[in-house]
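Line order of the protein sequences matches chains S and Y.
Residues in the first sequence are numbered consecutively from 1, following the working numbering.
Residues in the second sequence are numbered consecutively from 1, following the working numbering.
All C-beta atoms in this analysis are idealised placements derived from N, C-alpha and C, irrespective of residue type, glycine included.
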Amino acid sequence: MDLMAKIYEQAKANPQTVAFPEADDPKMMQAVGEAVNGGYCKALLVGDPEAIRAAAQEAGVDISGMEIFDNADADKKNEFFEKYIAEYSDVLSIKALNRKSKDPMYTAMVMQCIGLADVTFAGLTHTTGDVILAATTIIGLKEGIDTPSSTGLFIIPGFDGSEGQYLLFGDSAVCTKPDPAERASIAIASCDTVRELFGWEPRCAMLSFSTDGSMEHEMVDDVRESVRIANERRPDLAIDGEFQLDAAIDPKVAAKKVKRESRVAGKANIIIWPDINVGNIGVKLVQFFAHADAPGPFIQGFRKIASDCSRSAPVSELVGNIVMCCVRAANSK
Amino acid sequence: MEFREQVIQILVEKAAKMFGLDPSTLGPETRFKEDLGCKSANIVQFTTSLEDEFDVEVPYMEFNRKATFADAAEYIAELCDE
């Protein structure tokens, strides 16, 4: 069974509740219908009930069994906010929560934080920046994580790495110019994502143009410092470097270039780019020349699972993203 | 108190609380990133406090580009037509 088929099966075995704050969009509604009817999740539709019903009608989706929360219900929202402040985070005031929750995405995330949903899924009518800002504000970052970030999955035909044709990479989409602590955060969050999503034991390589001091430069020092911080914060994880790409993923090259014990060199299943310049170009090189698919990005680093999706995503991609979020949520509890 | 001074006072009090600093060491020239090491979550805390105080929407992306408390105060003054 391939990786995605396993993920779909896992989601079906333990359906999570997903809050959908963009259910007034017919395309999102179609994805909700497919995900719920497929048995992959339960839906909590947050927004204007009339607009949600209109979208359901347009999409031909029966929502009679789905829960709807009316985002205009001020009394109920006030109850949620009081619970959120008492039990989850007191950084925001009721006034601030009332102001922000005019956007149902913020309400959905508050509901998630107080246990009414396991995932918030948005990004079709909000930008990536909007979703990340809302998640940073309401859900907050995990302990030991300094920045939101993202990972993606390479599916590379003909590649025979430590996980076959699969290789996880980060961050090509969110954190543009990470400092050493932020790069360490990307590595740590990527390890957590790989465990939650695929059940792999993470082996994470911090990439550079140098392997173990083969070159000296302040950019290399920066990556080395990231490795040090990551190992200090999460000694349970196998995070190592600095490695060139070949030393990270090819055991023969690693044997030549890495003259010490390493749990990662030559068998990395996660690679961390030094910055988003490399990340963006790297993904496109692999997609273009190796004819690879690269599903994602999966946003990460938050205390709970929130997802972004491409605003031009087809319904099948939305359903796949919903399913992956559910598996991450179930395995992160 | 002049409007910009009031904004700076709010930023000083918030920063002192958030980072456990002596307020007398903070002022108009305090830099969000270099001096305080602010991350995105911290910037959100600043914008939210200012929104609460002045009943105005403070766009995160714009505010995040302000280097110092004085720059931020100028920006909030513009938003509030002060």
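In chain order, each alpha helix (DSSP H) run of at least 4 residues that lies wholly inside the region 170-246 of chain S:
For secondary structure counted as the alpha helix (DSSP H) over 4 or more consecutive residues, the region 170-246 of chain S holds these complete runs in sequence order: 180-198 and 218-233.
Sequence-distant residues of the same chain with beta carbon closer than 6 Å to D383/S, five excluded per side
The question about residue 383/S has no answer here: the residues shown for chain S are numbered 1 through 333.
Exposed or buried, K6/S, counting other C-beta atoms within 10 Å across all chains shown (16 or more means buried)?
Exposed.
Alpha carbon to alpha carbon, how far is T125/S from R53/S? Give it in angstroms, no decimals.
Cα atoms of R53/S and T125/S: separation of roughly 17 Å, rounded to the nearest angstrom.
Burial state of M109/S (16 or more Cβ within 10 Å)
Residue burial annotation: M109/S is buried, with at least 16 other C-beta atoms found within 10 angstroms of its C-beta.
Put R311/S into one of helix, strand or coil per three-state DSSP.
Note: R311/S maps to coil in three-state DSSP.
Interface residues of the region 112-142 of chain S facing chain Y [CB-CB below 9 Å]:
Listed by position along the chain: G129, I132, L133, T136, T137, G140 and L141.
What does A41/Y touch in chain S if you count any residue whose Cβ is under 7 Å from its own?
Under the 7 Å cutoff, chain S gives T136, G140 and L141.
Answer yes or no: do I272/S and G170/S have a C-beta to C-beta separation smaller than 7 Å?
The answer is yes: Cβ separation under 7 Å.
If you measure between the beta carbons of L318/S and A31/S, is that distance less than 7 Å?
The Cβ atoms of L318/S and A31/S lie closer than 7 Å to each other.
Go ahead and label Q57/S buried or exposed: buried means 16 or more other beta carbons lie within 10 angstroms of its beta carbon, across all protein chains shown.
Exposed, by the Cβ-count rule.
Could you check if R233/S is buried or exposed, using at least 16 other CB atoms within 10 Å of its CB as the buried criterion?
Answer is buried; the Cβ neighbour count reaches 16.
Let me know if G337/S comes out buried or exposed under the rule of 16 or more other beta-carbons within 10 Å of its beta-carbon.
Any question about residue 337/S goes unanswered here, given that chain S covers just 1 to 333.
Return the CA-CA distance between K77/S and L116/S, expressed in angstroms with no decimal places.
Going from the Cα of K77/S to the Cα of L116/S covers about 12 Å.
For V253/S, collect the residues of the same chain with a Cβ closer than 6 Å to its Cβ; drop the 5 residues on either side in sequence, then sort them by chain order.
Cβ-Cβ distances below 6 Å link V253/S to D246 and A247 in the same chain, with the five nearest sequence neighbours on each side left out; the list follows chain order.
Taking C-alpha atoms, which residue in F80/S, L44/S, I305/S and V61/S lies nearest to F69/S?
Answer by Cα proximity: L44/S.
Tell me whether the beta-carbon of G301/S lies closer than 7 Å to the beta-carbon of P148/S.
Yes; because the gap between Cβ atoms is below 7 Å, this pair is in contact.
For E57/Y, which residues of its own chain have a beta-carbon under 7 Å away from its beta-carbon, when the five flanking residues on both sides are left out?
Close CB contacts of E57/Y within its chain, under the 7 Å cut and outside five residues either way in sequence, are with E51 (chain order).
Residues that E95/Y contacts on chain S, provided the C-beta gap is smaller than 9 Å:
Examination of residue 95/Y is not possible in this model, given that chain Y is present from 1 through 82 alone.
Could you pull the start and end residues of the beta strand (DSSP E) that F121/S belongs to?
Segment V119 to F121, the beta strand (DSSP E) holding F121/S.
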